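Beneath this line is the structure, given in structure tokens, with notes to follow.
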Amino acid sequence: MTGGRYYSKLRAVKSTVSVTQERRIAAAPGAVWYVVTTPQMYEQLDPRCHLESATGNGEVGSQYVFTVRAGLARARLHYVIREATPDARWMAEVDRAGKHAGVQRAELLPDTAGTLLRWTVDMPTGRLTRRLVTASCKRELSKWLTTVDYYSRSIQGSTA
Numbered sequence: 002m003t004g005g006r007y008y009s010k011l012r013a014v015k016s017t018v019s020v021t022q023e024r025r026i027a028a029a030p031g032a033v034w035y036v037v038t039t040p041q042m043y044e045q046l047d048p049r050c051h052l053e054s055a056t057g058n059g060e061v062g063s064q065y066v067f068t069v070r071a072g073l074a075r076a077r078l079h080y081v082i083r084e085a086t087p088d089a090r091w092m093a094e095v096d097r098a099g100k101h102a103g104v105q106r107a108e109l110l111p112d113t114a115g116t117l118l119r120w121t122v123d124m125p126t127g128r129l130t131r132r133l134v135t136a137s138c139k140r141e142l143s144k145w146l147t148t149v150d151y152y153s154r155s156i157q158g159s160t161a
């Protein structure tokens, strides 16, 4: 068996990475809900994001298109809201160039100090890149939740 022939039998094995993180936020669920479900906020939450378009007002069936830049890489992500229970649960399916690119879910739980936000990201990935994708997702999600915390408290303070 030649080297080329051996490698031609390898195939990409897809798996799903699932990363969940929680953050206690000193703001009411309504303030946190506003921050995580308003597509225009995403440009403030992550400077790599640019909102191209939004249809709907956050209810089930609403759609958003974001361009995300990381270095020289650029991705155009299409979000479709599949669940939206105000101040409680939110879920969006994400695709990139018509292919499934994951699911994002939020659970907002009232907490004595405000809100417990539990955010889950599920992303398809290859078996060989699983660890890299998991580490990257954990790092970016942690930064994102810190920013959600900041803006939620700011909104809470401005309406008090």
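Residue 37 in the numbering used here sits at position 36 of the sequence shown; the count goes up by one each step and never skips. We treat Cβ as the ideally placed atom computed from N, Cα and C, and that holds for glycine. Keep in mind the model is a prediction, meaning the values are calculated, not measured.
inquiry  = Beta-carbon within less than 6 angstroms of residue 31's beta-carbon, same chain only, minus the 5 sequence neighbours each way: which residues are those?
reply    = If you number the sequence shown from 1, residue 31 lands on position 30. Counting only Cβ-Cβ distances below 6 angstroms, and skipping sequence neighbours, we find 88.
Q | Which of helix, strand or coil DSSP assigns to residue 48 | A | Counting from 1 along the sequence shown, the entry for residue 48 is found at position 47. Reduced to three states, the DSSP call for residue 48 is coil.
Q | Same chain, Cβ closer than 7 angstroms to residue 111, five either side skipped, listed in chain order | A | For the purposes of this step, residue 111 is taken as residue 110 along the sequence shown, with counting starting at 1. Cβ neighbours of residue 111 beyond the five flanking positions: 30.
- residue 54, buried or exposed, once every other Cβ within 10 Å from all chains shown has been counted against 16: If you number the sequence shown from 1, residue 54 lands on position 53. That one is exposed.
| request: Can you tell me the Cβ-Cβ gap for residue 67 and residue 46, rounded? I've got them flagged as a contact below 8 angstroms. | output: Here residue 67 refers to the residue found at position 66 when the sequence shown is read from its first residue. Here residue 46 refers to the residue found at position 45 when the sequence shown is read from its first residue. In fact, because the Cβ distance is near 11 angstroms, the residues do not count as touching under 8 angstroms.
For the alpha helix (DSSP H) that residue 61 lies in, which residues bound it at each end?
-> Counting from 1 along the sequence shown, the entry for residue 61 is found at position 60. Run containing residue 61: none; DSSP gives neither H nor E here.
* Asked: If you drop the 5 nearest sequence neighbours on each side, which residues of the same chain put their C-beta closer than 7 angstroms to that of residue 41?
  -> Counting from 1 along the sequence shown, the entry for residue 41 is found at position 40. Closer than 7 angstroms at the Cβ level, and outside the excluded window around residue 41, lie 52.
* Asked: With DSSP run on the structure shown, which of helix, strand or coil describes residue 20?
  -> Within the sequence shown, the letter at position 19 stands for residue 20. Residue 20: strand per DSSP, three-state reduction.
For residue 38, which three-state DSSP category applies? Counting from one through the sequence shown, the residue named residue 38 turns up at place 37. Three-state DSSP puts residue 38 in a helix.
At a Cβ threshold of 9 angstroms, is residue 25 touching chain B? Looking at the structure shown, chain B is missing, and only one protein chain is on hand.
#### Entry: residue 90, enclosing beta strand (DSSP E) - first and last residue
Taking the sequence shown and counting its residues from 1, one reaches residue 90 at position 89. Bounds of the beta strand (DSSP E) holding residue 90 are 90-97.
| message | Am I right that residue 59 and residue 85 are in contact with their C-beta atoms under 8 angstroms? What's the rounded C-beta distance? | response | As a working note, residue 59 is residue 58 in the sequence shown. As a working note, residue 85 is residue 84 in the sequence shown. The Cβ separation is near 6 angstroms, so the contact holds.
Where residue 28 falls, given that 16 or more other Cβ within 10 Å makes a residue buried | Sequence index remark: in the sequence shown, residue 28 carries index 27 (1-based). By the 16-neighbour rule on beta-carbons within 10 angstroms, residue 28 is buried.
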